[in-house]
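Asker: Sending over a structure as structure tokens; questions will come in a sec.
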């Protein structure tokens, strides 16, 4: 007899041999025992999870001697014929090569014939999603109301490609990826049956690399026996398939948690030079970080297959990190994994992901800083914070009827310099040389005759400027920090302003400048057009500016020069 690979030799023969699909086995057993058999079944799942094997076992249970019976004898003739594909009553069709309307028409013709030996005529279509839409539509009527002796069994890895009208006519069973522990135990059983010495670490490495597929694991074990003979250890598995050991994955995780960039990059370089599969290493790293995240949220969780000594070291390394920091690192690696699938230089993207993950682990939230600073304190100390925005108020915020606000601000220190209250703020917004020069009309005459009326300042801050006005130099007054205003820092007082006026150049010495629009014409226009409440304040400041005696004298002096 020719050699049979492990995947065929150890294919499940009964329901008891199906591993990792207890929900499917139990449902089918109960349906057979209760005589509640559907006319169409759909098995969905990834490769190597037992779709075809389960379909054949179901066919054996339906057509066995004395059936339907879930506990049939797999060695009887009918069951052997079904297992070998020789039964006339069980037709296996490849959906990839028989996907046209003509093949479905032939199937509909054969449906009318009664079974030759068993109780049912069973049509098993593998990769049913490969059928064309026309073929699906041709099968709809037969699938909905088949003869009593006909059963349909479909298998696919991509249920999303099947028409909804087909899905609604079938009982769907989703076969899940087989757990790693189950695959490892089954590999040890096969090795014992074959007389091969297989280490538990090697069996775990093979099961982990199979990614939930039993057929993949059996094929890998068959290849290892051909490579190593009758003794297989973990090192052989790593050398043949390019996997990374759990110790190295744990070491890489510890270097990440220690935020040691050079050590982490050195480990990646060593693995890349050894020919390891970096995508597989990244997947192992993400799985390790996920286990740590679950342990942070659920202290009773185990290490998900990580050895005890490695798991304790990882928990100790991750003790200082909150779950959100580990979650951020997992997000970085998940994004890196998506880029590595299509990248030619996988090592570069892996290294970039490691650096970003270490940076994310080092980030500190403001809430954490506050928690650390206030830990153990009875209260958080609060005090006055000098903020210019909190002290200096814009003219827009000042209400128009402000005479009452002047008295409580600076009534006691200096009541006499009230006429010059607005001299300094006006200079902040209007340069003195350029403002009166373009005015041709003889405004100074009425200004000199009229007695300057004291105009109160609506802002409390400007009252403090008045107190500082008699000072000869712009030294800041000894006031608290919150009450220091911007106009005080820009102008020292009226004396310095007078010296500026005396030293001002003649009009002939000034460079030609574009003639600005008249002041009187611009004021009402600005007030009418601007919707902001800032508009009315400048007119008050300008009127106070022109009513000041010193400004009036300066205007007379400048206009006299212009006339001359």
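In the working numbering, the protein residues as written are 1 to 564. Ideal placement from N, C-alpha and C gives every residue a C-beta, glycine not left out.
1. So residue 265 and residue 335 are in contact, right, with Cβ under 8 angstroms, and what is the actual spacing, rounded?
2. Three-state secondary structure (DSSP) at residue 243?
3. Locate the alpha helix (DSSP H) running through residue 165, then write down its first and last residues.
4. Leaving out five residues on either side along the sequence, give the residues of the same chain with a beta carbon under 6 angstroms from the beta carbon of residue 53.
5. Quick check: what's the CA-CA separation for residue 233 versus residue 201?
6. According to DSSP, which residues form a beta bridge with residue 171?
7. Would you say the region 85-101 touches the region 116-127, given that touching needs at least three Cβ pairs under 8 angstroms?
8. Using alpha carbons as the reference points, say which of 295, 26, 109, 553 lies closest to residue 146.
9. Does DSSP put residue 314 in a helix, in a strand, or in coil?
10. What residue does the beta strand (DSSP E) around residue 150 start on, and which one ends it?
11. Considering only C-alpha positions, which residue in the set 313, 298, 278 is nearest to residue 345?
12. Rank 254, 221, 230 by C-alpha distance to the C-alpha of residue 240 and give the top, closest one.
13. Less than 8 angstroms between the beta carbons of residue 282 and residue 267, yes or no?
14. So, are the CB atoms of residue 51 and residue 184 less than 8 angstroms apart?
15. Which residue from 83, 308, 290 puts its Cα closest to that of residue 74?
16. Is residue 106 buried or exposed, if buried means 16 or more other CB atoms sit within 10 Å of its CB?
17. What do you reckon, are the CB atoms on residue 99 and residue 131 nearer than 8 angstroms?
18. Please confirm whether residue 18 and residue 219 have their CB atoms less than 8 angstroms apart.
19. Would you call the region 163-176 in contact with the region 186-205, where contact means no fewer than 3 C-beta pairs closer than 8 angstroms?
20. Determine the DSSP secondary structure at residue 348, reduced to helix, strand or coil.
21. Please report the distance separating the alpha-carbon of residue 203 from that of residue 115.
22. Is residue 19 helix, strand or coil when you go by DSSP?
23. Taking DSSP as the reference, what is the three-state secondary structure of residue 88?
24. Hey, quick one: how far does the beta strand (DSSP E) through residue 123 stretch, first residue to last?
25. Check this for me: beta carbons of residue 177 and residue 323, under 8 angstroms apart or not?
26. Starting from residue 340 and walking both ways along the alpha helix (DSSP H), at which residues does that stretch end?
27. According to DSSP, is residue 94 part of a helix, a strand, or is it coil?
28. Measure the CB-CB distance between residue 64 and residue 78 and report whether it falls below 8 angstroms.
29. Please classify residue 219: does DSSP put it in a helix, a strand, or coil?
30. May I have the straight-line CA-CA distance separating residue 199 from residue 151, to the nearest angstrom?
31. For residue 55, which of 286, 15, 236, 304 has the nearest alpha-carbon?
32. Any idea what DSSP makes of residue 131, helix, strand or coil?
33. Using CA atoms only, rank isn't needed, just tell me which of 44, 339, 552, 325 is closest to residue 125.
34. Check for me: the alpha helix (DSSP H) holding residue 273 runs from which residue to which?
35. Exposed or buried, what is residue 311 when buried is set at 16 or more other beta-carbons lying within 10 Å of its beta-carbon?
36. Would the beta-carbon of residue 2 be found less than 7 angstroms away from any heavy atom of the ligand COA?
Answerer: Let's see:
1. Between residue 265 and residue 335 the beta-carbon gap is near 19 angstroms, outside 8 angstroms, which marks them as no contact.
2. In the structure shown, residue 243 sits in coil (DSSP, three-state: anything other than H, G, I, E or B).
3. 164-167 is the span of the alpha helix (DSSP H), which, as asked, contains residue 165.
4. So the list reads 11, 12, once near-sequence residues are dropped.
5. Distance between the alpha carbons of residue 233 and residue 201 is about 7 angstroms.
6. Answer by DSSP bridge pairing, in chain order: 41.
7. The answer is yes - the region 116-127 touches the region 85-101, with three or more Cβ pairs under 8 angstroms.
8. The shortest C-alpha separation from residue 146 is found at 109.
9. DSSP places residue 314 within a helical segment (H, G or I) once states are collapsed to three.
10. Element bounds for residue 150: 150-156.
11. Cα-wise, what sits closest to residue 345 is 278.
12. Nearest of 254, 221, 230 to residue 240, Cα basis: 221.
13. In this structure, the beta-carbon distance from residue 282 to residue 267 does not fall below 8 angstroms.
14. Cβ atoms of residue 51 and residue 184: not closer than 8 angstroms.
15. The residue with the shortest Cα to Cα distance from residue 74 is 83.
16. So residue 106 counts as exposed.
17. Residue 131 is positioned such that its CB atom lies closer than 8 angstroms to that of residue 99.
18. Taking 8 angstroms as the Cβ cut-off, residue 18 and residue 219 do not qualify as a contacting pair.
19. No, because fewer than three Cβ pairs between the region 163-176 and the region 186-205 fall closer than 8 angstroms, the two stretches do not touch.
20. Reduced to three states, the DSSP call for residue 348 is helix.
21. Rounded to the nearest angstrom, the two C-alpha atoms are 44 angstroms apart.
22. Reduced to three states, the DSSP call for residue 19 is coil.
23. Reduced to three states, the DSSP call for residue 88 is coil.
24. Residues 121-126.
25. Their beta carbons are not under 8 angstroms apart, which means residue 177 does not touch residue 323 by this criterion.
26. Secondary structure note for residue 340: its alpha helix (DSSP H) is the uninterrupted segment 323-340.
27. Strand, per DSSP.
28. Residue 78 sits close to residue 64, with the two beta carbons spaced by under 8 angstroms.
29. Helix, per DSSP.
30. In a straight line, the C-alpha of residue 199 is about 44 angstroms away from that of residue 151.
31. For residue 55, the closest alpha carbon among the candidates 286, 15, 236, 304 is that of 15.
32. Residue 131: coil per DSSP, three-state reduction.
33. It is 44 whose Cα lies nearest to the Cα of residue 125.
34. Residue 273 -> alpha helix (DSSP H) spans 261-273.
35. Buried, because 16 or more other Cβ atoms sit within 10 Å of the Cβ of residue 311.
36. As far as ligands go, the structure on display features none, and thus does not contain the ligand COA.
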